[in-house]
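Remarks on the structure that follows.
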Ligand code: ADP
Ligand code: MG
């Protein structure tokens, strides 16, 4: 699936023009262009200058000096010629007088004979080249020049203008590029369609597509006479025009999806609230204001014929899960099924256990489906998605399907009750998973999934509602760019009584002290600790990174000899992972040495200490997710980074921001700045196109414009 957004020229009928049809481009050049990904003339137009640099033309010798001009064109008169003898390595030197100032031209390793008769004292030259101010005075090495003659030429008016500079490609000089581009523009641009309505362009003071490209490539005299400042402004508008189009294309698609889904409006209306009310009443704590607000909005959405498309954002530990369970209770109370998807086995099973606990005593049948389940168990779960008295609610808590391994005390399927809530991993959107009446899809840690996967799951019902959740706090405008089709709810408030997680950066040299401290604290308080490592095993390929296998053994035999140490990583089989998680959850394991499998969602509130080894390896958002595993109860929590090697400036900056705040939104902003949106979001993951021109950080204003314009075009003025 390609995602719309990346800029391309649009034509009524695509012109059958080949690169080699363009002036100056032969087979060889065309091949070189192709190597750079420029395979057609219209792509050549999209190859925009890397930068623009000022060219000083016929500015006086003194002015060039004063302005520190580098790229220049001027007349000067020869006053000194030094052609060294044959065997000398000294360069050819020609002294010039330029309006009373001394300039010097030099050539190294040149065929001297060709110079011998060119420069007589008193001759005028037209020079074009680059001044090197470092060589002592104004020196131009290997400039272009024309010999004019002995009479002083008439000098054009002085001018400073910009020149486009393209990323250099072997064998393709500026002149050739220019010639090809001029030809290409003349033949293609008149045929190009402008897909942005004229009134929108006018409203934002943006040029049409043809003008934008002419400006950017400085064609048809653009940039020649209007002065540098005015032209820079025109360039800015031209660039914005192309960026805007990328956003507009994407937002139009998103708005279109949004409208289509709402127009069909065949979502199951979930208006029955009793079960939800019972659920809230049974909670062991009071919901926070933000949780209640989110639930109210979601309940309202669920009651509509238009399917809900909502993204619930909240920092780690803000309590999103209970909001999701509440949504589930409403959907289930209204007679529909709910699918809840999590990115890892561990998290899916944790949700499953939590659901069992939290819905205990309520008439809700819960099942779990992961990739690691035995085939027979899986089959049983799938059957129980369909079978039975649909929607009928009994008050008998039935058998939890798919849980023999976890809940052996429950009798195996003695009741055919239909599963109301199915919790699982990627296993959920496999083809053979079919629901009887899927009313709500919940996706936890939504940034770990792609849009297609979201789609696949939604397709298992007829326009079911969607609640997506993420702890990667994306700035609102960015969320609009990426998830323009989703409505947004934010939980900003944390449950009461949470204390900030004190965070420290320590050198590995102090590791033994840290271990001793952790041990003492565990023995004193009965609390638990995570130790996180970037690697499963030692690897020669990446030295200097701690690994969980060796480290856990060292800890267990050394400083933590009298503690119960467990190991958890992705290469363990599911049953072993499960058993370890269970033991950690039950407090039987005191120190859990793990890889980043614990990054998402893990919730063991008695764990209060997190030690992260080789923390420089992780991104900020990931560190924050990891740290979010502690600070989940009311006890004091801490996070210690044990950095082993001399840190790069980048890493130092990152780790310092991290120790400085535990506000996920603030960290996300920093992370976004450091890594750029592509990496921050995982471009493909998030379902965002790789824009050709847009930079969603810098161009946030344009995103907002494009979003509201696209919605207005589609929905009329009523759209927000
Ligand atoms: P996240 O938003 O990271 O998914 P969770 O849903 O896992 O967070 O919640 C974190 C912890 O906070 C859980 O142990 C949960 O039981 C607890 N919690 C959630 N809401 C509240 C609340 N209103 N008051 C007290 N504790 C809460
Ligand atoms: Mg969570």
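Residue numbers (the working numbering): 882 to 1601. Cβ coordinates follow ideal geometry from the N, Cα and C atoms, glycine included.
Sequence-distant partners of residue 1210 (beyond 5 residues in either direction) whose C-beta falls short of 6 Å from its own C-beta, in its chain, are 1156, 1157, 1160. If only uninterrupted alpha helix (DSSP H) runs of at least 4 residues are considered, none is enclosed by the stretch 1461 to 1504. When C-beta atoms of the stretch 1338 to 1353 are compared with those of the stretch 1144 to 1151, three or more pairs fall below 8 Å, so the two segments count as touching. Not one heavy atom of the ligand ADP is found less than 7 Å from the C-beta of residue 1432.
With a minimum length of 4 residues, the unbroken runs of alpha helix (DSSP H) contained wholly in the stretch 1382 to 1428 fall at 1392 to 1406. Its Cα nearest to that of residue 1187, the residue 1141 stands out among 1404, 1141, 1226. Closest by C-alpha distance to residue 1376, out of 1396, 1576, 1200, 1095, is 1200. In this structure, residue 1039 sits near residue 941, with a CB-CB distance shorter than 8 Å. Per the coordinates, the alpha-carbon of residue 1054 lies some 9 Å from the alpha-carbon of residue 1047. Residue 995 sits in a helix when the DSSP states are folded into three classes.
Boundaries of the beta strand (DSSP E) harbouring residue 1349: 1346 to 1351, taken from the DSSP string.
Remark: C-beta atoms of residue 1304 and residue 1232 approach each other more closely than 8 Å. Counting every other CB atom within 10 Å of its CB across the protein chains shown gives residue 1423 a total below 16, marking it as exposed. Listed in chain order, the non-local C-beta contacts of residue 1205 below 8 Å within the same chain comprise 1193, 1221, 1323, 1325, 1348, 1350, local neighbours out to five positions each way being set aside.
Residue 1129 sits close to residue 1591, with the two beta carbons spaced by under 8 Å. Here the alpha carbons of residue 1214 and residue 1154 stand approximately 7 Å from one another.
Per the DSSP secondary-structure output, residue 1317 pairs with nothing in a beta bridge. The straight-line gap separating the alpha-carbon atoms of residue 1135 and residue 1126 is approximately 14 Å. Ranked by Cα distance from residue 1469, the first of 1445, 1596, 1458, 980 is 1445.
DSSP, reduced to helix, strand and coil, places residue 1243 outside both helices and strands of the structure shown, so it counts as coil. About 19 Å separates the beta carbon of residue 1502 from that of residue 1426, a gap too long to meet the 8 Å contact definition. Excluding its 5 nearest sequence neighbours in each direction, residue 1519 has C-beta neighbours in its own chain below 8 Å: 1382, 1383, 1384, 1385, 1489, 1490, 1491, 1511, listed in chain order. Two segments are said to touch when three or more pairs of C-beta atoms, one from each, lie closer than 8 Å; by this definition the stretch 1054 to 1065 touches the stretch 899 to 909.
The beta carbon of residue 1352 sits closer than 7 Å to at least one heavy atom of the ligand MG.
For the options 1051, 1009, 977, 1466, the alpha carbon positioned closest to that of residue 1000 is the one of 977.
DSSP lists 938 as the bridge partner or partners of residue 1040. With 16 or more other Cβ atoms from the protein chains shown falling within 10 Å of its own Cβ, residue 1586 counts as buried. Taking the C-beta atoms as reference points, residue 1006 is found nearer than 8 Å to residue 1028.
In the DSSP annotation of this structure, the continuous segment of the alpha helix (DSSP H) that includes residue 1160 starts and ends at 1155 to 1163. Counting only residues of its own chain and dropping the five nearest sequence neighbours on each side, residue 987 has a CB closer than 7 Å to the CB of 972, 973, 974, 1020, 1022.
Under the three-state reduction of DSSP output, residue 968 falls in the coil class, being neither helix nor strand. Around the beta-carbon of residue 1052, fewer than 16 other beta-carbon atoms lie within 10 Å, marking it exposed.
Contact annotation: residue 1251 and residue 1475 have beta-carbon atoms that are not nearer than 8 Å.
The count of Cβ pairs closer than 8 Å, one atom from the stretch 1243 to 1260 and one from the stretch 1301 to 1320, reaches three, so the stretches are in contact.
At the C-beta level, residue 1439 and residue 1464 stay beyond 8 Å of one another. If you draw a straight line from the Cα of residue 1184 to the Cα of residue 1321, it comes to about 12 Å.
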